[in-house]
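Be aware that the sequence shown starts at 27, since it is given in our numbering, and climbs by one per residue.
These notes are about the structure you will find just below.
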Amino acid sequence: MAQRTFSIVKPDVVRKGQTGAILAEIEKAGFKIVAIKKASISKEQAKGFYYVHAARPFFDALCTFMSSGPLFLMVLEKDKAIADLRKLMGATKPA
27 MAQRTFSIVK
37 PDVVRKGQTG
47 AILAEIEKAG
57 FKIVAIKKAS
67 ISKEQAKGFY
77 YVHAARPFFD
87 ALCTFMSSGP
97 LFLMVLEKDK
107 AIADLRKLMG
117 ATKPA
């Protein structure tokens, strides 16, 4: 059964012109891109989105980074989409 998950191509990737390569890897891994939108968000919007991390020391830097330029917001679909996307992305910074 297909699952849907949300993913973001972050501002540093967009600035480097690597969005196409990222999207190609996502599709190569068998994901269907159900929806995609290029957008910029304000620092306040980033704070709302990442509110679960508000008490963490990296919160302000994260919100500044995510509001620093355009990003691509995506809805992806695939069987085991959540687990497969985590595997595709690799480990995130555990700190």
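Note that the Cβ used here is the ideal one computed from N, Cα and C, for glycine as well.
This one's a predicted model, so the numbers in the text were calculated from it and none came from an experiment.
Tell me the rounded alpha-carbon separation between residue i and residue j.
i: glutamine 71; j: alanine 65; result: 12 Å
i: arginine 41; j: cysteine 89; result: 17 Å
i: alanine 109; j: phenylalanine 57; result: 12 Å
i: alanine 55; j: phenylalanine 91; result: 27 Å
i: proline 83; j: methionine 27; result: 38 Å
Between the beta-carbon of residue i and the beta-carbon of residue j, is there less than 8 Å?
i: leucine 181; j: proline 37; result: The first residue shown for the chain is 27 and the last is 121, placing residue 181 beyond what the model contains.
Would residue i pass as an interface residue toward chain D - the criterion being a Cβ-Cβ separation below 8 Å?
i: arginine 30; result: The structure shown contains no chain D, having only a single protein chain.
Taking the DSSP output, what are the residues bridged to residue i?
i: threonine 31; result: Leu102
i: alanine 113; result: First, the amino acid is wrong: residue 113 is lysine here, not alanine. Its beta-bridge partners do not exist; DSSP assigns none.
Residue i lies in the alpha helix (DSSP H); which residues open and close that run?
i: alanine 72; result: 69–75
i: valine 40; result: 37–41
In chain order, what residues of the same chain lie with their CB nearer than 8 Å to the CB of residue i, ignoring the 5 residues before and after it?
i: alanine 80; result: Lys73
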